[in-house]
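Engineer:
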Amino acid sequence: QVQLVESGGGLVQAGASLRLSCAASGRTRRNVIMGWFRQAPGKEREFVARITWNSGTTYYADSVKGRFTISRDNAKNTVYLQMNSLKPEDTALYYCAGGSTSRAYGDWGQGTQVTVSS
Numbered sequence: 002q003v004q005l006v007e008s009g010g011g012l013v014q015a016g017a018s019l020r021l022s023c024a025a026s027g028r029t030r031r032n033v034i035m036g037w038f039r040q041a042p043g044k045e046r047e048f049v050a051r052i053t054w055n056s057g058t059t060y061y062a063d064s065v066k067g068r069f070t071i072s073r074d075n076a077k078n079t080v081y082l083q084m085n086s087l088k089p090e091d092t093a094l095y096y097c098a099g100g101s102t103s104r105a106y107g108d109w110g111q112g113t114q115v116t117v118s119s
């Protein structure tokens with residue numbers, strides 16, 4: 002069992018920054034990849050960014066490339082999402098997920114809300 006707890010969301014104005022955190026506990030070794038996803042009201046959940054625990058290899062959705070940075074602290078079993086130059090369209094519930102591959106995320110957190118006002 003893996004527990005993922007997100008934090009760091011909030012209400013900010015356009016152009017501001019936020020840093021989300023995802024603390025993992027339990028059988029964390031079974032997750033090779035950690036990802037961030039988001040879901041806006043009335044829309045499907047979409048991929049934001051991912052990182053591998055071992056090598057730190059990252060990958061981003063085009064919509065956030067250059068603005069968001071994913072990182073990890075292996076000692077703390079924590080993954081971060083630094084979000085800069087936030088836009089109103091970034092408003093969503095952000096989820097942290099752990100997976101064995103980039104196409105198989107089996108562990109999910111409860112989400113943290115990010116709201117960006119114009």
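The opening position of the sequence shown corresponds to residue 2 in our numbering, with each subsequent residue numbered one higher.
Here a beta-carbon is modelled for each residue, glycine too, at the ideal position from N, C-alpha and C.
For a test of the three-state rule: what should DSSP assign to residue 63, helix, strand or coil?
Structural biologist: coil
Engineer: Under a three-way DSSP split, which group does residue 7 fall into?
Structural biologist: Correct three-state label for residue 7: strand.
Engineer: I'd like to know whether the C-beta atoms of residue 2 and residue 27 end up nearer to each other than 9 Å.
Structural biologist: Yes, the pair counts as a contact, with Cβ atoms nearer than the cut-off.
Engineer: To the nearest angstrom, report how far apart residue 69 and residue 43 are at their CA atoms.
Structural biologist: Roughly 23 Å between the two C-alpha positions.
Engineer: Please tell me whether residue 74 and residue 5 are closer than 9 Å, where the distance is taken between their beta carbons.
Structural biologist: no
Engineer: Going by CA-CA distance only, name the one from 110, 18, 77 that's closest to residue 87.
Structural biologist: 18
Engineer: Whose C-beta lies closer than 7 Å to the C-beta of residue 41 among residues of the same chain, with five residues either side of it excluded?
Structural biologist: 92, 93
Engineer: Cα separation between residue 118 and residue 105?
Structural biologist: Cα to Cα, the separation comes out at about 33 Å.
Engineer: Can you tell me whether residue 45 is helix, strand or coil according to DSSP?
Structural biologist: It is coil, neither helix nor strand.
Engineer: Just the C-alpha distance for residue 33 and residue 60, rounded to the nearest angstrom, thanks.
Structural biologist: 14 Å
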